[in-house]
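Below: one structure, written as structure tokens.
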Amino acid sequence: GEDVEQSLFLSVREGDSSVINCTYTDSSSTYLYWYKQEPGAGLQLLTYIFSNMDMKQDQRLTVLLNKKDKHLSLRIADTQTGDSAIYFCAETRRPSNDYKLSFGAGTTVTVRA
Amino acid sequence: SAVISQKPSRDICQRGTSLTIQCQVDSQVTMMFWYRQQPGQSLTLIATANQGSEATYESGFVIDKFPISRPNLTFSTLTVSNMSPEDSSIYLCSVPGRVAYEQYFGPGTRLTVT
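Top to bottom, those sequences are chains P and G. Reading the first sequence from the start, the letters are residues 1 to 113 in the working numbering. Reading the second sequence from the start, the letters are residues 1 to 114 in the working numbering.
Take a look at the structure:
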């Protein structure tokens, strides 16, 4: 995960908003992703954003992309206990048929009552 | 989204043995990917499996250690050969979705080598 970096831990109170941050190095990144991994489970695709977009919203999830700073964030509104998981940022690069993903180290989100 | 299943879901193996992991997808896909997630770590791509051609391996992974088969467009296997404790990981297969650039993962195979 050298090309994609994330903070390792986040603790948030139930009902508050969570913001998970990610930075990437390659300006040719085309799509950026957020995956969720619950304990003992596989990876769930939460959302993704194309590099020509600034923001994408899907229910409680808001993704913000700052291309200039190569910074991606995931905001979870009204965080619930079921949101406790590891969140991975990932990116894919050109050429356009390259589906290979590069992952960050993952941010462990703990929701406390 | 694609429905992906893997077998086995977990296994405990002795060093020096081999384990073959199966990945089944509910739709035909050209590309399938195999990733490794070592304990407490992120995911690392092992190889890309294309139907009808040899798998393409990433730096640090070789065919003798991780042979891959891709007999058709819905199925692939990854073998972890001559295992050592360092191979203890979660192995996941991944496929692109019907919508461009969506990628989905199987539930993973949790391997422990003793």
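The C-beta atom is built at its ideal place from N, Cα and C for all residues, glycine as well. Being a predicted model, the structure only gives us computed values, none of them experimental.
Looking at the C-beta of residue i, does it have a partner C-beta in chain G at a distance below 8 Å?
i	result
P:Y87	no
P:F103	yes
P:L43	yes
P:Y48	yes
So is residue i buried or exposed if we call it buried at 16+ other beta carbons inside 10 Å?
i	result
G:S59	exposed
G:Y104	buried
P:F171	Lying outside 1 to 113, the shown extent of chain P, residue 171 of chain P is not represented and no answer is given.
G:R36	buried
G:A47	buried
G:T30	exposed
P:N97	Unreliable positioning characterises P:N97 in this predicted model, as indicated by a pLDDT of 49, which lies under 50. A coordinate reading is not provided.
G:S84	exposed
P:T107	buried
Do the CB positions of residue i and residue j come within less than 8 Å of each other?
i	j	result
P:S7	P:R112	no
G:L45	P:K100	yes
P:D54	P:D26	no
P:L64	P:S73	yes
P:A85	G:S42	no
G:S76	G:A49	yes
G:L78	G:Y91	yes
G:I63	G:W34	no
P:I49	P:R60	no
G:I4	G:G106	yes
List the whole-angstrom C-beta distance separating residue i from residue j, where the pair is believed to meet the contact cut-off of C-beta under 8 Å.
i	j	result
G:V99	G:A2	So it is not a contact: roughly 10 Å between Cβ atoms.
P:Y31	G:Y101	5 Å
G:V113	G:R15	6 Å
P:G15	P:D83	Contact doesn't hold; Cβ gap of about 11 Å is too wide.
G:Q6	G:T74	About 13 Å; that fails the 8 Å criterion.
P:R93	P:S17	P:R93 to P:S17, Cβ: 30 Å. No contact.
Could you check whether the Cβ of residue i sits closer than 8 Å to any Cβ belonging to chain P?
i	result
G:Q103	yes
G:T48	yes
G:L92	yes
G:F33	yes
G:L43	yes
Mind pulling the chain P residues with CB within less than 8 Å of residue i?
i	result
G:P107	A41 and G42
Which chain G residues are close to residue i, counting only those with a beta carbon under 7 Å from its beta carbon?
i	result
P:Y31	Y101
P:G106	S42
For residue i, go through chain G and note every residue whose CB falls closer than 8 Å to its CB, in chain order.
i	result
P:G82	Neighbours of P:G82 on chain G: none; closest Cβ ~18 Å, over 8 Å.
Name the chain G residues whose beta carbon is nearer than 9 Å to that of residue i?
i	result
P:T92	Y101 and Q103
Quick one: which chain P residues come within Cβ less than 7 Å of residue i?
i	result
G:P96	Y99
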